[in-house]
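Have a look at the structure below before the remarks.
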Amino acid sequence: MSLLPPADDEATGLPGLRRWRSVYLVVAGIFVTWVMLLTVLTKLYS
Amino acid sequence: MNALDYLVLLGVLVGIAAYGMWATRGHRDLRSYLKGGNTHWLTIGLSVMATQASAITFLSTPGQGYESGIGFVQNYFGAPLALILIAAVFLPIYRRLNVYTAYEYLGKRFDPKTRLLGAGLFLVQRGLGAGITIYAPAIVLSTVMGWRLDATIVCSGLLVIAYTVSGGSAAVNLTQKYQIGVIFVGMIAAFFVLLSKLPAGLGLGDALAVAGGFHKLEAVDFSLNPDRRYTVWTGVLGGMFLALSYFGTDQSQVQRYLTGASLRESRLGLMFNAVFKIPMQFFILLLGALVFVFYQFERPPVFFNQAAWHQAAANGAGDKLRTLEADFNTAHAEKQRHVNAWLAARHAGDPAAAETERAAALAANARTEAARAETRTVLKANDPKALANDSDYVFVTFILGYLPHGVIGLLMAVFFAAAFSSKAGELNALGSTTVVDFYRHVVKRAASDAHYVTASKWFTAVWGFFAIGFALFCNLAENLIQATNIIGSIFYGVVLGLFLVAFFVKWVSGTAVFWAAVVSQLLVFVLYATLSISYLWYNIIGCAACMLLSIILQMFLPRMTPVDTDKATV
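Chains A and B, in that order, are what the protein sequence lines are.
Here the first sequence stands for residues 80 to 125, numbered as in the numbering used here.
Here the second sequence stands for residues 4 to 573, numbered as in the numbering used here.
Here you go:
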């Protein structure tokens with residue numbers, strides 16, 4: 080058996096996000112959104 | 004602080020600690036003592052957050068926002084990416100191996116000496132960190148409250164030791180959940196009280212405009228200059244390596260999410276932090292920037308550590324300091340006039356006049372900053388051991404001067420709750436690692452669960468007393484939150500390198516990675532002593548050096564046999 084785990088080895092239990100890969104994509108998307116909002120804040124008030 | 008404040012402070016701190024001890028009194032076997040119960044994802048998420056967010060976070064970070072603006076938020080840009088990687092790769096392996104500590108995995112993958120090296124590096128850096136965790140709030144709060152520093156350190160340290168030793172990991176998780184609740188309530192209360200204290204007619208939009216006008220809202224910096232401490236690149240790259248190492252290999256965090264009832268609960272706990280870490284830090288920094296705005300309309304002290312100022316004034320520097328204070332007050336009054344004129348022009352829709360007044364306010368601000376810098380020089384000349392950095396005193400000075408009674412007690416409880424939550428996590432991890440990776444592995448291999456639980460309690464207490472001892476004798480000139488991150492960055496890169504080789508470079512053996520880690524750690528020490536680059540880069544340098552050297556060394560060493568490779572897999 081490999082040291083690397085299979086990508087989705089347990090259900091997420093989250094509505095609309097059945098695979099962990101989807102959860103990670105959503106979280107990464109939220110991160111990008113935060114950076115964009117902070118960039119806008121910087122542009123607006125500098 | 005009055006009687007109401009003390010009632011709130013002691014009620015919150017002692018109440019949570021006592022409840023933690025009472026609720027976890029039945030945990031007797033090693034598994035429940037070190038791993039806690041079957042914890043829900045929200046408790047894990049809050050516990051992970053509480054372990055990282057120490058008192059330093061809530062004392063120092065608003066001071067950073069006041070002093071340098073909110074750019075420090077970039078330091079956390081790497082955290083969400085690191086947490087995703089940990090949830091996807093690290094966590095399933097830890098759970099499948101059913102380890103108590105992250106370093107047990109190194110032993111299974113490599114060999115005993117590499118396990119001991121990883122555990123040893125953790126004990127050194129986290130042991131020092133635990134000292135700072137308890138020293139940081141004590142030095143600031145004892146100074147402003149007039150309490151004895153040694154008594155503050157000892158009393159707060161003993162309370163944490165009591166419930167951490169008594170209830171183990173379950174008590175830590177449980178108390179952290181309530182402590183972080185107190186922290187959220189306290190910080191939100193401070194935010195709204197702060198807004199209510201701004202001059203009549205000054206809304207949040209104006210406040211942000213003033214903060215922005217003084218360059219306090221420059222959240223992101225895309226500069227490639229390596230000498231700049233906080234940029235998007237140091238945050239995403241250096242911050243990711245720091246977060247990967249801290250959340251993925253530091254036992255104080257690993258132990259938090261290994262308590263999960265299932266892989267799902269642990270993963271969701273980590274994702275909770277991936278989503279909320281950046282907004283939380285942003286909010287705390289913004290609070291500091293708004294305190295800066297508040298002090299444009301109320302005159303602040305020339306030096307926020309007033310105890311140090313008065314001491315120097317009494318020790319022969321009084322004339323110089325009072326002259327500087329007068330210069331500061333004159334410049335501040337002028338700045339206040341220009342800020343009011345700037346806002347009036349802004350409201351009148353006259354951008355040219357607004358810009359002129361803003362430029363005049365900035366010039367006056369430069370004079371206040373010059374007076375502050377000169378004050379620091381005088382204080383340092385008067386007493387070379389004096390702390391010349393007063394940014395850690397900004398927020399607490401505001402709280403004590405302007406918040407209503409009851410809320411002051413709540414905010415003091417926030418600082419101590421934050422100190423307790425992170426210190427408890429650290430002591431819990433230090434005790435666990437000492438027992439699992441050293442005592443059970445090297446000293447006494449076959450003993451009963453009850454014996455190891457007793458040993459865990461003793462080692463947790465010993466580390467607690469070590470932290471108290473370190474705190475009683477340390478003296479830090481750096482901003483406290485930076486001191487913690489600097490210590491972490493010096494060690495974390497190499498430890499992360501050990502784990503990344505373990506996870507991803509399967510043909511490298513223990514001997515190669517062990518010596519690569521030793522050489523890389525020495526290299527980081529030398530570079531830190533000789534270079535002036537941002538400390539976040541040492542996370543990458545240490546990690547890259549360890550990985551690269553282990554691969555090169557492996558080329559000259561016998562490869563792992565198929566039997567060894569099988570042993571390394573699960």
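All C-beta atoms in this analysis are idealised placements derived from N, C-alpha and C, irrespective of residue type, glycine included.
Given a cut-off of 7 Å, decide if residue j and residue i are closer than it, judged by their beta-carbon atoms.
i, j, result
"I490/B", "Y538/B", "no"
"I156/B", "A141/B", "yes"
"A519/B", "L560/B", "no"
"G434/B", "T54/B", "no"
"L124/B", "V508/B", "no"
"F307/B", "D393/B", "yes"
"L37/B", "S248/B", "no"
"A174/B", "Y166/B", "yes"
"L120/A", "A214/B", "no"
"I493/B", "V465/B", "no"
"G545/B", "G496/B", "yes"
Kindly indicate which three-state DSSP category residue i falls into: helix, strand or coil?
i, result
"T54/B", "helix"
"G263/B", "strand"
"T60/B", "helix"
"T42/B", "strand"
"L93/A", "strand"
"A316/B", "helix"
"K426/B", "helix"
"P65/B", "helix"
"A133/B", "helix"
"P561/B", "coil"
"S125/A", "coil"
"S523/B", "helix"
"L227/B", "coil"
"L406/B", "coil"
"M4/B", "coil"
"T378/B", "helix"
"R112/B", "helix"
"I186/B", "helix"
"F80/B", "coil"
"T234/B", "coil"
"A222/B", "coil"
"G72/B", "coil"
"I89/B", "helix"
"I411/B", "helix"
Can you list, in chain order, the residues of its chain whose CB lies under 8 Å from that of residue i, leaving out five sequence neighbours each side?
i, result
"F441/B", "L119 and A122"
"G132/B", "E429, T487, I490 and G491"
Compute the beta-carbon to beta-carbon distance between residue i and residue j, rounded to the nearest angstrom, for a pair I have assumed lies under 8 Å.
i, j, result
"I555/B", "V511/B", "With 8 Å as the limit, I555/B and V511/B do not qualify as a contact, their Cβ atoms being about 10 Å apart."
"L293/B", "L197/B", "6 Å"
"G251/B", "I89/B", "4 Å"
"A212/B", "Y124/A", "7 Å"
"Y233/B", "G74/B", "5 Å"
"L266/B", "R98/B", "5 Å"
"S269/B", "G263/B", "3 Å"
"L126/B", "T436/B", "6 Å"
"N176/B", "T42/B", "6 Å"
"L289/B", "G68/B", "7 Å"
Exposed or buried, residue i, counting other C-beta atoms within 10 Å across all chains shown (16 or more means buried)?
i, result
"L49/B", "buried"
"A422/B", "buried"
"F285/B", "buried"
"M243/B", "buried"
"S535/B", "exposed"
"T104/B", "buried"
"M52/B", "buried"
"G81/B", "buried"
"D569/B", "Confidence at D569/B is low in this model, with a pLDDT of 40, below 50, so the placement of that residue is unreliable and no value is reported for it."
"G92/A", "exposed"
"K122/A", "exposed"
Quick one: does residue i have its CB under 7 Å from some CB of chain D?
i, result
"L117/A", "This model lacks chain D altogether; the protein chains it does include are A and B."
Which same chain residues, not among the five before or five after residue i, have their C-beta less than 7 Å away from its C-beta?
i, result
"A3/B", "Outside the shown range of chain B (4 to 573) lies residue 3/B, about which nothing can therefore be said."
"G352/B", "none"
"D452/B", "D32 and L33"
"L414/B", "G189, A193, I402 and L406"
"V17/B", "none"
"V105/A", "L96"
Residues in the same chain with beta-carbon distance under 6 Å from residue i, minus the five sequence neighbours each way, listed in chain order, please.
i, result
"V504/B", "V511, V516, M550 and S553"
"F473/B", "G134"
"V111/A", "none"
"V15/B", "V185 and A416"
"F300/B", "P202"
"F275/B", "G48"
"K219/B", "G72, A292 and F295"
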